[in-house]
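**Student:** Structure below; questions to follow.
Numbering (my numbering), first residue to last: 14 to 277.
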């Protein structure tokens, strides 16, 4: 086991980081379906493995490629990391190798593991993998799926949200900021709501902790940057929606919830 509670598993061309308790009997499934040892778990990161079992459905979210794994005992999300912007034309999913500690999937796994251990509303990580070839590596991440939840962007297209829900969204962001969680891409696609209006924040690629989870960090420009990015996202989405879906009043309610968020 590593210091962060994960089990590191060496593979032929890289490594995995996994939570054995969450994998459960699927550790045996990977062994049986793969290479006869722990490296058989590589199959878990291959969409075709799950498609052949009838347990895969495609998801479109952000820059990456994502799939829902609808196994009876494990509702998971599989995400393959992809680049955005100009550089994606040359290496759409390849990242420059700078050591295992800098692997993006591993970093996100560790962050999610720490946040879930503190009861924060983020997906629980299952396993991460990288495969290295020369100076480049590619990586993947599996987390638990938030069943029955949809992105805020999708829900806004359906109808009006109450002030209570906007305050809950703000309170959730406030809790994360109070814990020192700097989300690199906080937007309306990465905030989920379920039927009970419970809020979950997803996609922590390039996210980081500003200090210690057990100590209240000082607010800084990073919190304002997160909130500004979220507001720009909402404004952009609202352009194609009726005017009652998002505006000054909804943003004020979100900030009211943010300011009242419980601190650690």
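Idealized CB from N, CA, C, for every residue including glycine.
(1) With distance defined between alpha-carbon atoms, name the residue in 217, 169 and 193 nearest to residue 233.
(2) Using a Cβ-Cβ cut-off of 6 Å (strictly less than) and excluding sequence neighbours within five positions of residue 149, which residues of its own chain qualify?
(3) With burial defined as no fewer than 16 other Cβ atoms inside 10 Å of the residue's Cβ, what is the status of residue 253: buried or exposed?
(4) For residue 64, which of helix, strand or coil comes out of DSSP?
(5) Looking at residue 54: is its Cβ nearer than 8 Å to the Cβ of residue 22?
(6) Say yes only if the C-beta of residue 189 is nearer than 7 Å to one or more non-hydrogen atoms of the ligand ADP, and no if none qualify.
(7) Tell me the DSSP secondary structure of residue 184 in three-state form.
(8) List the endpoints of the continuous beta strand (DSSP E) containing residue 89.
(9) If we count the other Cβ atoms within 10 Å of its Cβ and call it buried at 16 or more, is residue 196 buried or exposed?
(10) DSSP three-state label for residue 199, please.
(11) Below 7 Å CB to CB, which residues in the same chain sit around residue 71 once its five sequence neighbours on both sides are set aside?
(12) For the beta strand (DSSP E) that residue 110 lies in, which residues bound it at each end?
(13) Whole alpha helix (DSSP H) runs in the segment 115 to 172 with 4 or more residues, listed along the chain?
(14) Does the distance from the CB of residue 206 to the CB of residue 163 come in under 8 Å?
(15) What are the partner residues of residue 27, as DSSP defines its beta bridges?
(16) Which same chain residues, not among the five before or five after residue 201, have their C-beta less than 8 Å away from its C-beta?
(17) Output yes or no for whether 8 Å exceeds the beta carbon distance between residue 88 and residue 160.
(18) Using three-state DSSP, classify residue 58 as helix, strand or coil.
(19) By the DSSP assignment, the beta strand (DSSP E) with residue 83 in it spans what residues?
(20) Just to confirm the assignment, what range does the beta strand (DSSP E) spanning residue 250 have?
(21) Alpha carbon to alpha carbon, how far is residue 214 from residue 261? Give it in angstroms, no decimals.
**Tutor:** In terms of the structure at hand:
(1) Locating residue 233 in the chain shown gives position 220, counting from the first residue. Per the Cα distances, 193.
(2) Position 136 of the chain shown, counting from 1, holds the residue named residue 149. Counting only Cβ-Cβ distances below 6 Å, and skipping sequence neighbours, we find 107.
(3) The sequence position of residue 253 within the chain shown is 240, counting from 1. Burial call: exposed.
(4) Within the chain shown, the letter at position 51 stands for residue 64. It is helical.
(5) Working through the chain shown from its first residue, we reach residue 54 at position 41. Working through the chain shown from its first residue, we reach residue 22 at position 9. Taking 8 Å as the Cβ cut-off, residue 54 and residue 22 qualify as a contacting pair.
(6) The ligand content of the structure shown is nil, which means the ligand ADP is not present either.
(7) Residue mapping note: residue 184 aligns to position 171 of the chain shown, counting from 1. In the structure shown, residue 184 sits in a helix (DSSP, three-state: H, G or I).
(8) Looking up residue 89 in the chain shown gives position 76. 87 to 93 is the span of the beta strand (DSSP E), which, as asked, contains residue 89.
(9) Position 183 of the chain shown, counted from the first residue, corresponds to residue 196. With 16 or more other Cβ atoms within 10 Å, it is buried.
(10) Against the chain shown, residue 199 aligns to sequence position 186. DSSP places residue 199 in coil when its eight states are reduced to three.
(11) Position 58 of the chain shown, counted from the start, is the residue given in the question as residue 71. Taken in chain order, the residues that qualify are 80.
(12) Indexing the chain shown from 1 puts residue 110 at position 97. First-last for residue 110: undefined, no H or E at that position.
(13) Taking only runs of at least 4 residues, the alpha helix (DSSP H) segments lying wholly in the segment 115 to 172 are 117 to 130 and 165 to 171.
(14) As a position in the chain shown, residue 206 is number 193, starting the count at 1. As a position in the chain shown, residue 163 is number 150, starting the count at 1. Contact: yes.
(15) Working through the chain shown from its first residue, we reach residue 27 at position 14. The beta-bridge partner set that DSSP reports for residue 27 consists of 24 and 144.
(16) Here the question's residue 201 lines up with position 188 in the chain shown. Counting only Cβ-Cβ distances below 8 Å, and skipping sequence neighbours, we find 164, 165, 166, 169, 243, 246, 247 and 250.
(17) Position 75 of the chain shown, counted from the first residue, corresponds to residue 88. Position 147 of the chain shown, counted from the first residue, corresponds to residue 160. Closer than 8 Å, so yes.
(18) Taking the first residue of the chain shown as 1, we reach residue 58 at position 45. Of the three classes helix, strand and coil, the one that applies to residue 58 here is helix, per DSSP.
(19) Translated into the one-based positions of the chain shown, residue 83 becomes position 70. Going by DSSP, residue 83 is part of the beta strand (DSSP E) stretching over 78 to 84.
(20) Numbered from its first residue, the chain shown carries residue 250 at position 237. No beta strand (DSSP E) holds residue 250; the alpha helix (DSSP H) holding it covers 234 to 251.
(21) Counting from one through the chain shown, the residue named residue 261 turns up at place 248. Counting from one through the chain shown, the residue named residue 214 turns up at place 201. Between residue 261 and residue 214, the C-alpha separation is close to 22 Å.
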